[in-house]
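K.L.:
Please read through the structure below; I'll follow up with questions.
Protein chains: 4
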Amino acid sequence: MIQFQCDYNEGCHPEILKRLAETNMEQTVGYGCDEYCKAAAEAIKKACNAPQADVHFLVGGTQTNATVISSILRPHQGAICASTGHINVHETGAIEHSGHKCLALPAVNGCINAKQIDEALALHFNDPEPEHTIQPGVVYISYPTEYGTLYSKKELQEISETCHKYNVPLFIDGARLGYGLMSEASDITLSEIAQLADVFYIGGTKQGALFGEAVVITNENLKRDFRYLIKTNGAMLAKGRLLGIQFLTLFTHNLYFDIAREADKQAQRIRKAFLDKGYKLHVDSPTNQQFIVLPDNDMERLGKDFLFSKWEKVDDKHTAVRFCTSWATKPENVDKLIAAI
Amino acid sequence: MIQFQCDYNEGCHPEILKRLAETNMEQTVGYGCDEYCKAAAEAIKKACNAPQADVHFLVGGTQTNATVISSILRPHQGAICASTGHINVHETGAIEHSGHKCLALPAVNGCINAKQIDEALALHFNDPEPEHTIQPGVVYISYPTEYGTLYSKKELQEISETCHKYNVPLFIDGARLGYGLMSEASDITLSEIAQLADVFYIGGTKQGALFGEAVVITNENLKRDFRYLIKTNGAMLAKGRLLGIQFLTLFTHNLYFDIAREADKQAQRIRKAFLDKGYKLHVDSPTNQQFIVLPDNDMERLGKDFLFSKWEKVDDKHTAVRFCTSWATKPENVDKLIAAI
Amino acid sequence: MIQFQCDYNEGCHPEILKRLAETNMEQTVGYGCDEYCKAAAEAIKKACNAPQADVHFLVGGTQTNATVISSILRPHQGAICASTGHINVHETGAIEHSGHKCLALPAVNGCINAKQIDEALALHFNDPEPEHTIQPGVVYISYPTEYGTLYSKKELQEISETCHKYNVPLFIDGARLGYGLMSEASDITLSEIAQLADVFYIGGTKQGALFGEAVVITNENLKRDFRYLIKTNGAMLAKGRLLGIQFLTLFTHNLYFDIAREADKQAQRIRKAFLDKGYKLHVDSPTNQQFIVLPDNDMERLGKDFLFSKWEKVDDKHTAVRFCTSWATKPENVDKLIAAI
Amino acid sequence: MIQFQCDYNEGCHPEILKRLAETNMEQTVGYGCDEYCKAAAEAIKKACNAPQADVHFLVGGTQTNATVISSILRPHQGAICASTGHINVHETGAIEHSGHKCLALPAVNGCINAKQIDEALALHFNDPEPEHTIQPGVVYISYPTEYGTLYSKKELQEISETCHKYNVPLFIDGARLGYGLMSEASDITLSEIAQLADVFYIGGTKQGALFGEAVVITNENLKRDFRYLIKTNGAMLAKGRLLGIQFLTLFTHNLYFDIAREADKQAQRIRKAFLDKGYKLHVDSPTNQQFIVLPDNDMERLGKDFLFSKWEKVDDKHTAVRFCTSWATKPENVDKLIAAI
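What follows is the structure in structure tokens.
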């Protein structure tokens with residue numbers, strides 16, 4: 001059974017494993033205060049062209065979202081997000097557990113736009129008696145989105161401007177950031193992401209690491225006491241150096257980006273193969289996740305040799321399914337899938 | 001600089017690293033539903049002689065404490081603990097962040113006793129109008145304690161009986177459980193721990209793993225929906241198999257216990273060396289943490305070659321310090337420390 | 001300026017004021033343990049034909065919703081509600097502040113139906129891996145709804161059956177319960193409400209009291225420790241007898257229902273007056289809230305002598321507005337409004 | 001049975017009842033935006049000599065404490081308080097329910113001092129790795145304390161200076177503020193309280209009102225969005241004018257202070273009577289609460305005609321009990337108590 005159901009089927013990139021082995025018996029201080037974490041933070045700041053940023057390492061995505069969002073908000077505030085945003089639909093209420101509502105806006109292919117955000121913010125902040133409803137305190141978007149789609153640079157600029165017009169910070173969930181930036185459809189750089197967002201994270205779990213997400217805080221106002229927040233949220237890894245070593249490896253010799261580009265390439269081969277055979281896309285994604293509408297008998301047939309995710313029923317006889325590639329996807333497995341299609 | 005400041009200075013036991021490398025490119029499903037997690041859970045249930053238990057794997061200790069405790073309590077309930085308990089003093093309010101008070105009882109060398117617990121529970125439950133104060137909803141103790149000390153089997157039995165007399169579950173934090181069970185001073189087995197506690201965890205982070213804590217739930221009432229709680233608390237590792245592989249390795253060929261026994265042995269050598277030279281113990285610990293009272297000039301002298309933790313000032317000229325051993329402690333480094341003492 | 005903008009413009013019904021004055025210098029114990037609270041609880045249980053119910057008195061609606069819902073749910077659970085439900089849109093995140101998500105379903109005129117609820121519950125509970133999404137733990141509806149509309153007895157029976165099929169309790173927000181039950185369009189009794197709901201509340205604030213909501217818990221499983229929850233939520237009134245005296249007065253000689261019937265009657269006069277003049281209803285409500293679509297110049301004209309609420313823009317030239325009557329509405333003021341229409 | 005067990009046995013001061021009756025059928029807008037609330041806020045600002053302050057009205061003490069404290073703190077912060085502080089022992093975890101720990105310091109007769117606070121703040125803020133423990137984010141004291149005792153002006157100045165040295169705001173719980181300020185032992189004025197505290201509240205519930213606490217915020221940084229916080233905490237009274245009318249009455253013609261002074265006077269008569277008969281004070285209080293050590297047979301004897309609170313067992317044969325006076329205490333009832341002593 002060849003697995004395409006998600007982008008975390010395997011362990012980690014061999015280069016990371018090698019570095020973990022080489023450093024295994026070194027002694028370091030804990031909790032992310034070691035030299036590897038410092039070096040990794042420096043490498044990330046350099047890659048972001050953001051020398052003043054703060055960089056912190058957490059273990060997983062849900063934890064990162066809850067930690068960042070609850071570090072920003074006061075009790076009466078909520079997070080504007082896409083209706084399909086990860087925090088809104090796939091984190092078992094982690095944001096609400098930290099006390100805050102997800103203020104969902106209707107998404108199109110995973111995206112929301114500046115106009116929607118502006119209207120939502122204006123509706124609240126122009127209300128003469130706004131205290132009876134939740135105050136939007138942060139805008140959360142994902143790049144790429146949960147549907148593999150991308151915002152254009154212009155769209156992100158407009159969103160960022162809208163947020164700042166209302167003095168509301170912009171938080172970008174980059175769980176798959178590399179797959180987004182390396183897509184041929186992307187017109188934005190990591191450095192530009194760092195400029196437009198007030199805080200964002202660079203996902204490791206789905207892009208070569210065993211685990212780990214690197215939070216980059218560029219807005220000075222959001223930096224204060226962030227290490228406390230990590231701890232309060234149970235997100236501070238005792239052997240923090242594991243995160244440092246992994247991210248340092250990913251941000252050495254461009255590894256993070258190279259493996260993402262290759263994954264995107266394999267995903268586009270899958271996309272093309274389905275299109276060539278006349279299948280419809282559920283969502284047209286230029287990144288490592290492909291959403292295809294399959295007749296149910298085809299789904300059953302392909303399901304004998306390949307693992308993929310059922311996404312949602314499209315109609316009585318069709319289902320949207322997801323195929324993911326990753327840094328670990330072997331081209332020969334994609335060949336087999338294409339042959340089976 | 002030789003480091004004794006904590007028990008998570010190094011990576012992981014070489015056997016674990018080997019297994020992580022061997023399995024690295026295998027494809028598995030995520031979130032702890034893979035075969036390694038299942039096998040590790042089976043191995044742990046067998047070691048606990050608790051075939052009906054539920055076993056779950058989380059990443060770190062603070063996260064585990066917050067997840068377990070908030071899974072048990074309703075909003076008006078709190079957790080009875082030692083004043084020196086980890087949840088009370090060293091988790092940056094993670095328990096309170098989840099909505100619950102730590103109801104601290106005065107500790108002696110890290111321990112509380114059944115009589116204290118009984119009095120606290122009686123004081124509350126015999127109050128004709130108890131609703132104005134927090135209802136104790138769980139009792140939390142650590143084995144070994146944060147001071148390396150141990151409860152005797154009899155003490156644990158009494159605590160367990162007291163809890164159950166009031167229908168309050170007992171939760172044992174076993175971040176260093178192996179170091180406790182393998183101590184020559186211990187008179188209790190893992191299986192007995194599993195019988196006396198309603199829920200406890202077996203620490204991996206400080207005992208050979210890169211990270212990871214295995215929660216064992218023996219009380220049927222506490223099992224419901226625990227996987228949801230893990231997710232809500234941001235504690236569900238995407239590549240859950242990493243936890244399964246590590247714990248499966250630790251619970252194969254008795255590795256978990258063997259490495260703990262050796263660490264305890266090295267710690268006792270350090271203890272003896274200090275006692276032989278006439279130093280006083282701050283706390284007399286039979287496990288891998290040693291608390292010594294050092295004159296400040298000795299502290300400075302030893303501090304040139306060795307890293308250890310300052311615990312607290314004892315008086316103007318003396319400081320209590322902590323030396324930890326672990327599965328990774330090299331006997332030759334202990335030799336060097338003893339020579340320096 | 002004659003005020004129709006809400007149903008809490010005045011103080012309390014004169015009979016209540018009289019009783020507060022008569023009892024003012026009596027000495028009673030605090031926190032709702034006095035004889036007036038006991039007598040009021042008995043009167044309510046009798047009116048509900050629910051001798052086994054528990055009755056508690058709280059001060060306000062948002063506080064009551066947050067207290068009841070957080071008393072029911074565990075951290076990974078949320079509350080199914082209408083998208084227009086009060087908890088979802090008008091409580092500044094009180095439910096989320098207590099840690100829980102409002103799982104909003106699309107509402108039609110303020111109502112959701114059993115089919116929608118069944119689908120939402122089935123979607124979750126039939127998911128083989130449900131732990132990645134919030135578990136619905138309670139269903140919240142309002143009777144009457146925030147739009148003044150009513151569920152039929154059959155609809156409520158279906159909703160109740162659906163909830164219980166999945167073992168999820170049904171909570172009915174009765175902030176305006178009397179206005180609902182006394183409507184000519186209502187086909188259900190208080191006693192039937194008590195049978196169908198697991199917990200509900202009888203609103204006092206909007207129906208004759210200075211303040212106060214009476215929570216009626218009929219489901220045995222939801223009764224435990226509720227007084228603690230009231231206190232934890234800051235909702236326990238020191239001079240609890242004020243609530244007892246008010247509800248005892250309201251539930252003596254049918255006062256609660258008589259004043260609600262009269263308010264409904266006045267509201268229907270307003271409704272008829274607008275319809276007679278050819279205005280459109282925004283929502284057709286048989287209770288004390290009337291939602292009318294007004295051309296903007298009519299809105300301005302009426303606004304000179306009457307206070308009413310702007311609800312939402314309907315189009316460029318029309319606005320939906322709300323007129324409320326209450327126990328305190330003077331028929332002669334309704335005459336004036338009708339004359340002005 | 002004559003009741004001395006608390007200071008909220010009766011309804012409200014007759015003058016307040018009169019004003020509530022006179023205004024009962026007036027129509028006002030809701031939620032504290034009416035003219036009575038505005039006038040009451042002005043009267044309070046004038047009495048505080050704090051024209052720039054913000055004044056908000058809430059219903060009860062626990063709710064006020066939770067709202068104020070959670071409006072100030074971020075998730076990793078806690079509230080320094082006396083071990084006997086109301087928030088620490090008598091609010092069923094309301095502060096923890098809002099996510100924050102009470103950082104209790106050992107109290108002497110209900111008081112903590114500047115030195116203790118300084119040590120606690122220094123311990124945290126001088127720690128090179130403070131993020132593993134809760135950051136103190138506010139200091140909470142009560143004036144008078146829960147034991148009826150008072151801080152001197154000098155003590156309050158020192159506490160205030162200490163707080164501000166560390167940039168931590170000072171919050172004074174004034175549930176019984178009038179009884180404190182009007183005590184012959186008090187050397188401070190309301191205006192000085194307003195200068196030393198960053199936020200405090202003036203208690204109404206225990207001092208003549210049916211209910212109500214007036215929060216006064218003098219620190220500009222703490223003012224932002226406070227009305228939202230009131231709502232999120234379920235503390236916004238629909239008929240807000242009830243609070244405005246009550247506080248306006250209390251702050252007209254010095255009523256608030258006159259009734260407090262008289263209550264203190266009656267309490268001192270009780271104190272003297274016990275002392276004259278050779279009884280010991282449990283705590284020596286100059287305000288309206290008196291804590292007396294009674295032999296158990298005296299307790300039983302007095303308990304036949306008078307209601308008072310059992311505070312705590314002093315030894316096998318003695319119990320500390322509390323007698324409270326209030327604005328409503330009749331001198332002839334005190335005469336009877338004195339005769340019985």
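Chains as they are written, first to last, in our numbering: chain A, 1 to 341; chain E, 1 to 341; chain R, 1 to 341; chain L, 1 to 341.
Quick reminder that beta carbons are idealized off the backbone N, C-alpha and C, glycines included.
Name the chain A residues whose beta carbon is nearer than 8 Å to that of L/Lys-239?
P.N.:
Locating residue 239 of chain L in the fourth sequence gives position 239, counting from the first residue. Going along chain A, no residue has its Cβ under 8 Å from L/Lys-239, so there is no contact; the nearest lies around 15 Å.
K.L.:
Counting only Cβ-Cβ distances shorter than 7 Å, please list the residues of the region 82-100 of chain A near chain R, keeping chain order.
P.N.:
Within the region 82-100 of chain A, the qualifying residues are Val-89, His-90, Thr-92, Gly-93, Glu-96, His-97, Gly-99 and His-100.
K.L.:
Express the C-alpha separation of E/Leu-190 and E/Cys-48 in angstroms, rounding to a whole number.
P.N.:
The residue you call residue 48 of chain E lines up with position 48 of the second sequence. The residue you call residue 190 of chain E lines up with position 190 of the second sequence. When rounded, the distance between both Cα atoms is 6 Å.
K.L.:
Quick one: which residues of the region 19-37 of chain R get their C-beta closer than 8 Å to a C-beta of chain L? List them in chain order.
P.N.:
The region 19-37 of chain R vs chain L, Cβ under 8 Å: Leu-20, Ala-21, Thr-23, Asn-24, Met-25, Glu-26, Gln-27, Thr-28, Val-29 and Gly-30.
K.L.:
Please name the residue in E/Met-236, E/Lys-206 and E/Leu-196 whose C-alpha comes closest to that of E/Ile-217.
P.N.:
For the purposes of this step, residue 217 of chain E is taken as residue 217 along the second sequence, with counting starting at 1. Among E/Met-236, E/Lys-206 and E/Leu-196, the Cα nearest to that of E/Ile-217 belongs to E/Leu-196.
K.L.:
Starting from R/Leu-58, trace the beta strand (DSSP E) both ways and give me its first and last residue.
P.N.:
As a working mapping, residue 58 of chain R is identified with position 58 in the third sequence. Unbroken beta strand (DSSP E) run through R/Leu-58: 54-58.
K.L.:
In terms of residue numbering, what span does the beta strand (DSSP E) encompassing E/Lys-313 cover?
P.N.:
Within the second sequence, numbered from 1, the residue matching residue 313 of chain E stands at position 313. E/Lys-313 -> beta strand (DSSP E) spans 309-315.
K.L.:
Report yes or no: is there a C-beta of chain E within less than 7 Å of the C-beta of A/Asn-254?
P.N.:
As a first step, residue 254 of chain A must be located in the first sequence, where it is residue number 254. No, A/Asn-254 lies away from the interface with chain E (no Cβ there is under 7 Å from its Cβ).
K.L.:
Put A/Lys-223 into one of helix, strand or coil per three-state DSSP.
P.N.:
Translated into the one-based positions of the first sequence, residue 223 of chain A becomes position 223. Coil, per DSSP.
K.L.:
Looking only at its chain, what residues have a beta carbon closer than 7 Å to the beta carbon of E/Asp-187, apart from the 5 residues adjacent to it on each side?
P.N.:
For the purposes of this step, residue 187 of chain E is taken as the residue at position 187 of the second sequence. Counting only Cβ-Cβ distances below 7 Å, and skipping sequence neighbours, we find Ser-152 and Lys-153.
K.L.:
Taking Cβ-Cβ distances below 9 Å as the criterion, which residues of the region 133-156 of chain R are in contact with chain A?
P.N.:
Per Cβ criterion, the list reads Thr-133, Ile-134 and Gln-135.
K.L.:
Buried or exposed for E/Gln-52, going by 16 or more other Cβ atoms inside 10 Å?
P.N.:
Your numbering for residue 52 of chain E matches position 52 in the second sequence. Flag for E/Gln-52 reads exposed.
K.L.:
Does the count of Cβ pairs from the region 5-13 of chain R and the region 201-214 of chain R closer than 8 Å reach three?
P.N.:
Yes, they touch.
K.L.:
Taking only beta-carbon positions, decide if A/His-124 is within less than 7 Å of chain R.
P.N.:
If you number the first sequence from 1, residue 124 of chain A lands on position 124. For A/His-124, the answer is no, since every Cβ of chain R falls outside 7 Å of its Cβ.
K.L.:
Apart from the five residues just before and just after E/Gln-116, which ones in its own chain have a Cβ nearer than 7 Å to its Cβ?
P.N.:
Counting from 1 along the second sequence, the entry for residue 116 of chain E is found at position 116. Once the five neighbours on either side are set aside, the close Cβ partners of E/Gln-116 are Leu-105.
K.L.:
DSSP puts L/Arg-322 in a beta bridge; with which residues?
P.N.:
The residue given as residue 322 of chain L occupies position 322 in the fourth sequence. Per DSSP, L/Phe-291 and L/Ser-309.
K.L.:
Quick check on L/Gly-278: buried or exposed, where buried means 16 or more other Cβ atoms within 10 Å of its Cβ?
P.N.:
The sequence position of residue 278 of chain L within the fourth sequence is 278, counting from 1. Counting Cβ neighbours within 10 Å, L/Gly-278 comes out exposed, since fewer than 16 surround it.
K.L.:
Counting only beta-carbon atoms, is L/Gly-11 nearer than 7 Å to chain R?
P.N.:
For this step, residue 11 of chain L is matched to residue 11 along the fourth sequence. Yes, contact with chain R.
K.L.:
Looking at the unbroken beta strand (DSSP E) that takes in A/Gln-207, where does it start and where does it end?
P.N.:
Your numbering for residue 207 of chain A matches position 207 in the first sequence. Element bounds for A/Gln-207: n/a, residue is neither H nor E.
K.L.:
Quick one: Cα of R/Cys-33 to Cα of R/Arg-241, how far?
P.N.:
Indexing the third sequence from 1 puts residue 33 of chain R at position 33. Indexing the third sequence from 1 puts residue 241 of chain R at position 241. Approximately 8 Å between the Cα atoms of the pair.
K.L.:
On the three-pair Cβ rule with 8 Å, is the region 75-94 of chain L touching the region 243-259 of chain L?
P.N.:
No: fewer than three Cβ pairs fall under 8 Å.
K.L.:
Taking 6 Å as the limit between beta carbons, can you name the residues of its chain near R/Cys-163, skipping five residues before and five after?
P.N.:
Taking the first residue of the third sequence as 1, we reach residue 163 of chain R at position 163. Val-139 and Leu-170.
K.L.:
Out of E/His-124, E/Glu-119, E/Leu-248 and E/Arg-224, state which residue places its alpha-carbon closest to the alpha-carbon of E/Lys-46.
P.N.:
By one-based count along the second sequence, residue 46 of chain E stands at place 46. Cα-wise, what sits closest to E/Lys-46 is E/Leu-248.
K.L.:
Strictly below 7 Å CB to CB, what residues from chain A border L/Glu-131?
P.N.:
Walking along the fourth sequence from the start, residue 131 of chain L turns up at place 131. Here the neighbours are Arg-227, Tyr-228 and Lys-231.
K.L.:
Answer yes or no: do E/Ala-66 and E/Ser-98 have a C-beta to C-beta separation smaller than 7 Å?
P.N.:
Counting from one through the second sequence, the residue named residue 66 of chain E turns up at place 66. Counting from one through the second sequence, the residue named residue 98 of chain E turns up at place 98. Contact flag set, yes.
K.L.:
Any contact between the region 119-133 of chain A and the region 54-69 of chain A? By contact I mean 3 or more CB pairs, one from each, below 8 Å.
P.N.:
With the cut-off at 8 Å, the region 119-133 of chain A and the region 54-69 of chain A do not touch.
K.L.:
At a cut of 8 Å, does the region 328-340 of chain R reach the region 315-325 of chain L through at least three beta carbon pairs?
P.N.:
Counting Cβ pairs under 8 Å, fewer than three are found: no touch.
K.L.:
If you drop the 5 nearest sequence neighbours on each side, which residues of the same chain put their C-beta closer than 6 Å to that of E/Lys-101?
P.N.:
Position 101 of the second sequence, counted from the start, is the residue given in the question as residue 101 of chain E. Counting only Cβ-Cβ distances below 6 Å, and skipping sequence neighbours, we find Gly-78 and Ile-134.
K.L.:
Between R/Val-283 and R/Phe-274, is the Cβ-Cβ spacing less than 7 Å?
P.N.:
Within the third sequence, residue 283 of chain R is the residue found at index 283, counting from 1. Within the third sequence, residue 274 of chain R is the residue found at index 274, counting from 1. In this structure, R/Phe-274 does not lie closer than 7 Å to R/Val-283 by Cβ.
K.L.:
Give the residues from the region 280-300 of chain L that approach chain E closer than 8 Å (Cβ to any Cβ), ordered along the chain.
P.N.:
Answer set for the region 280-300 of chain L: empty.
K.L.:
Between R/Phe-323 and the rest of its own chain, which residues show a CB-CB distance below 6 Å, the 5 nearest in sequence each way excluded?
P.N.:
Locating residue 323 of chain R in the third sequence gives position 323, counting from the first residue. Within the same chain, R/Phe-323 has close Cβ partners Phe-4, Ile-270, Gln-290 and Phe-308.
K.L.:
Who are the Cβ neighbours of R/Gln-63 in its own chain at under 7 Å, not counting the five residues just before and after it?
P.N.:
Here residue 63 of chain R refers to the residue found at position 63 when the third sequence is read from its first residue. Cβ within range, chain order: Asn-233 and Ala-235.
K.L.:
With 16 as the cutoff for other CB atoms within 10 Å, does L/Lys-330 come out buried or exposed?
P.N.:
One-based indexing of the fourth sequence puts residue 330 of chain L at position 330. It counts as exposed.
K.L.:
At a CB distance below 7 Å, what residues from the region 36-60 of chain R approach chain L? Give them in sequence order.
P.N.:
Within the region 36-60 of chain R, the qualifying residues are Val-59 and Gly-60.
K.L.:
Indicate whether R/Leu-237 and R/Val-59 have their beta-carbon atoms separated by less than 7 Å.
P.N.:
Locating residue 237 of chain R in the third sequence gives position 237, where the first residue counts as 1. Locating residue 59 of chain R in the third sequence gives position 59, where the first residue counts as 1. Contact flag set, yes.
K.L.:
Excluding the 5 residues flanking L/Gly-180 on each side, which residues of the same chain have their C-beta closer than 7 Å to its C-beta?
P.N.:
The residue you call residue 180 of chain L lines up with position 180 of the fourth sequence. Only Tyr-143, Pro-144, Leu-150, Ser-186 and Thr-287 meet the Cβ criterion.
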